[in-house]
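Heads up: the structure comes next, in structure tokens.
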Amino acid sequence: YAKNKKNMLVGKVIGPKLWRPKNSFIDDVSTQETFEDVTARPASVRSFDKVFRLWFYRIVSLLLAVPVALVAGLLFAVLSFIYYIIPCITLVNVNITIDNMNFYRIY
């Protein structure tokens with residue numbers, strides 16, 4: 003906050019009811035900074051190759067995510083539906099038992 007009311011009247015509004023003097027150190031510093039100075043990234047990071055690769059991965063993942071999610075959901079639904087899985091397991095066990103009994107009867 004400004005210490006005297008004169009500076010408050012000529013100051014700038016930063017946020018809700020937050021004033022600072024017009025001649026501030028922040029004004030001098032903020033006009034000298036550029037995007038590269040703040041982020042410390044060179045311009046080559048924003049090249050076409052990087053952007054193309056990023057968007058290619060995003061589009062491919064978008065196209066593959068929906069079908070893979072549907073297949074995984076259907077697989078989970080079938081495996082969790084007990085009335086399909088348990089009878090199938092029982093049939094396999096019965097067939098294995100019958101095959102073993104027939105094997106011993108023949109020999």
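Residues 3 to 109 (our numbering) make up the sequence shown, in order. C-beta: ideal position from N, C-alpha, C; glycine also.
Secondary structure at residue i, three-state DSSP: helix, strand or coil?
| i | result |
| --- | --- |
| phenylalanine 83 | coil |
Less than 8 Å between the CB atoms is what I'm expecting for residue i and residue j, so what's the real figure, rounded?
| i | j | result |
| --- | --- | --- |
| leucine 81 | isoleucine 87 | 6 Å |
With 16 as the cutoff for other CB atoms within 10 Å, does residue i come out buried or exposed?
| i | result |
| --- | --- |
| leucine 11 | With a pLDDT of 48 at leucine 11, under the threshold of 50, the predicted position of this residue should be treated as unreliable, and no value is reported. |
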